[in-house]
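Protein chains: 2
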Amino acid sequence: MKKITIGDAARQSGVKVPTIRYYESIGLLAAPSRSQGNQRSYEPADIRRLAFIRHARELGFEVGSIRTLLALQDDPDQSCASADAIAKARLIEVEQRIRSLMALKTELEIMVEGCGHGRVDQCRVIEVLADHGQCMHPHH
Amino acid sequence: MKKITIGDAARQSGVKVPTIRYYESIGLLAAPSRSQGNQRSYEPADIRRLAFIRHARELGFEVGSIRTLLALQDDPDQSCASADAIAKARLIEVEQRIRSLMALKTELEIMVEGCGHGRVDQCRVIEVLADHGQCMHPHH
DNA sequence: CTTGCACCTCTAGTCGCTAGAGCATGTAGG
DNA sequence: CCTACATGCTCTAGCGACTAGAGGTGCAAG
Numbered sequence: 024m025k026k027i028t029i030g031d032a033a034r035q036s037g038v039k040v041p042t043i044r045y046y047e048s049i050g051l052l053a054a055p056s057r058s059q060g061n062q063r064s065y066e067p068a069d070i071r072r073l074a075f076i077r078h079a080r081e082l083g084f085e086v087g088s089i090r091t092l093l094a095l096q097d098d099p100d101q102s103c104a105s106a107d108a109i110a111k112a113r114l115i116e117v118e119q120r121i122r123s124l125m126a127l128k129t130e131l132e133i134m135v136e137g138c139g140h141g142r143v144d145q146c147r148v149i150e151v152l153a154d155h156g157q158c159m160h161p162h163h
Numbered sequence: 024m025k026k027i028t029i030g031d032a033a034r035q036s037g038v039k040v041p042t043i044r045y046y047e048s049i050g051l052l053a054a055p056s057r058s059q060g061n062q063r064s065y066e067p068a069d070i071r072r073l074a075f076i077r078h079a080r081e082l083g084f085e086v087g088s089i090r091t092l093l094a095l096q097d098d099p100d101q102s103c104a105s106a107d108a109i110a111k112a113r114l115i116e117v118e119q120r121i122r123s124l125m126a127l128k129t130e131l132e133i134m135v136e137g138c139g140h141g142r143v144d145q146c147r148v149i150e151v152l153a154d155h156g157q158c159m160h161p162h163h
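Going down the list, the sequences are from chains A and B.
Heads up, the final residue of the first sequence is numbered 163 in the numbering used here, and it's a clean run with no missing numbers.
Heads up, the final residue of the second sequence is numbered 163 in the numbering used here, and it's a clean run with no missing numbers.
What follows is the structure in structure tokens.
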């Protein structure tokens, strides 16, 4: 059997070495076997699990949700209703975040366009920040 | 002179009480005068400053940037080039974040739509997470 | 005068890592 | 076989921007 070091695991999964150790410490990844010299030795399944975690993190899932998703993956007989619920909740979050960022973008554009590059006391950036009432697109 | 307590400052500015104390501790807000009983007593200018900070935080500016923006506001003779640069940088960040969230939204939608609500081993949510190659809209 | 809320300070916890110190191990070249 | 040097190990502390809690004091109403 090929022994995968933590460095190789990091390269193959795209998860950084200290992060892998961190995931082990919080119980997201099982502690792997060790070599004679006490070095972690991973299996291909661990790499897949790490890639799963990484992808889920990139999608913005929190560690708690990932824990549930991993538990579901480990037990394929279960209904995927939980996974679906988690993904749907995340989708709603993302949609809200997009809406709020769009409003924010508009507000920033107004600020930047309004800036005449003169003195601060005529600057729209400062002005808009100081007085929220000037926001054209309320986002909160 | 009317004395504004920290609680009233919180209500008027929309910044929570412990957060106001935190801002004082990191030097974002000057320490106000105190009453006989050692209670903080704010001026209307402090409330405006807090509202400024709150608004900037809502727009996603980091405390470091807010520090600069506040310094600019305090000295209105200065050129607003820095304020403009900060706002522009933030605008670019926001635009990138929106793009990445849109990609993410698409991916989540595919996951959720593909979920047949059956068993986990046929669930697209789990499947897509496990295999990044299935992303239709690569976002990273 | 007492009740009860608001205020005070201080410490520690949150989340998801990241950085650093100070060692041990593994590997490639000479 | 020896020496470099990369990589591994553990442990602690730090990041940002708060938030929570303990344990105490101030103050205003009934």
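Just so it is clear, CB atoms sit at the ideal spot from N, CA and C, and this is done for glycine as well.
Quantities reported herein were computed from a predicted structural model and do not represent experimental measurements.
Does DSSP classify Ile49 (chain B) as helix, strand or coil? Residue numbering aside, residue 49 (chain B) sits at position 26 when the second sequence is read from its first letter. Coil.
Listed by chain order, chain B residues near Glu118 (chain A) by CB distance under 7 Å: Translated into positions along the first sequence, residue 118 (chain A) becomes position 95. Ordered by position in chain B, the residues that pass the 7 Å Cβ test against Glu118 (chain A) are Lys128.
Alpha helix (DSSP H) runs wholly inside the segment 44-105 of chain A, at least 4 long, in chain order: DSSP assignment within the segment 44-105 of chain A yields the following whole alpha helix (DSSP H) runs of 4 residues or more, N-terminal first: 67-81, 86-97.
Would you call the segment 105-120 of chain A in contact with the segment 65-73 of chain A, where contact means no fewer than 3 C-beta pairs closer than 8 Å? The segment 105-120 of chain A makes no contact with the segment 65-73 of chain A: fewer than 3 CB pairs, one atom from each, lie closer than 8 Å.
For Ala53 (chain B) and Gln119 (chain B), what's the separation of their Cα atoms in angstroms? Here residue 53 (chain B) is taken as the residue at index 30 of the second sequence, counted from 1. Here residue 119 (chain B) is taken as the residue at index 96 of the second sequence, counted from 1. One Cα belongs to Ala53 (chain B), the other to Gln119 (chain B), and the distance between them is close to 35 Å.
Note down, in chain order, every chain B residue with its Cβ under 7 Å from the Cβ of Glu132 (chain A). In the first sequence, the residue the question calls residue 132 (chain A) occupies position 109. Ordered by position in chain B, the residues that pass the 7 Å Cβ test against Glu132 (chain A) are Leu114.
In terms of residues, what are the limits of the alpha helix (DSSP H) holding Asp31 (chain A)? As a first step, residue 31 (chain A) is located in the first sequence; it is residue number 8 there, counting from the start. Looking at the DSSP string, the run of the alpha helix (DSSP H) that includes Asp31 (chain A) is 29-36.
Which residues in the same chain have their Cβ closer than 8 Å to the Cβ of Ile49 (chain B), if we skip the five residues on either side of it in sequence? Working through the second sequence from its first residue, we reach residue 49 (chain B) at position 26. In the same chain as Ile49 (chain B), and ignoring 5 residues on each side of it, the C-beta atoms closer than 8 Å to its own belong to Val86, in chain order.
Helix or strand or just coil, what does DSSP make of Asp154 (chain B)? For the purposes of this step, residue 154 (chain B) is taken as the residue at position 131 of the second sequence. In the three-state scheme derived from DSSP, where H, G and I count as helix and E and B as strand, Asp154 (chain B) is classed as coil.
Quick one: list the residues of chain A neighbouring Asp144 (chain B), beta-carbon separation under 7 Å, in chain order. Within the second sequence, the letter at position 121 stands for residue 144 (chain B). What Asp144 (chain B) touches in chain A: Pro99.
To the nearest angstrom, report how far apart Leu92 (chain B) and Ile29 (chain A) are at their CA atoms. If you number the second sequence from 1, residue 92 (chain B) lands on position 69. If you number the first sequence from 1, residue 29 (chain A) lands on position 6. The straight-line gap from Cα to Cα measures roughly 44 Å.
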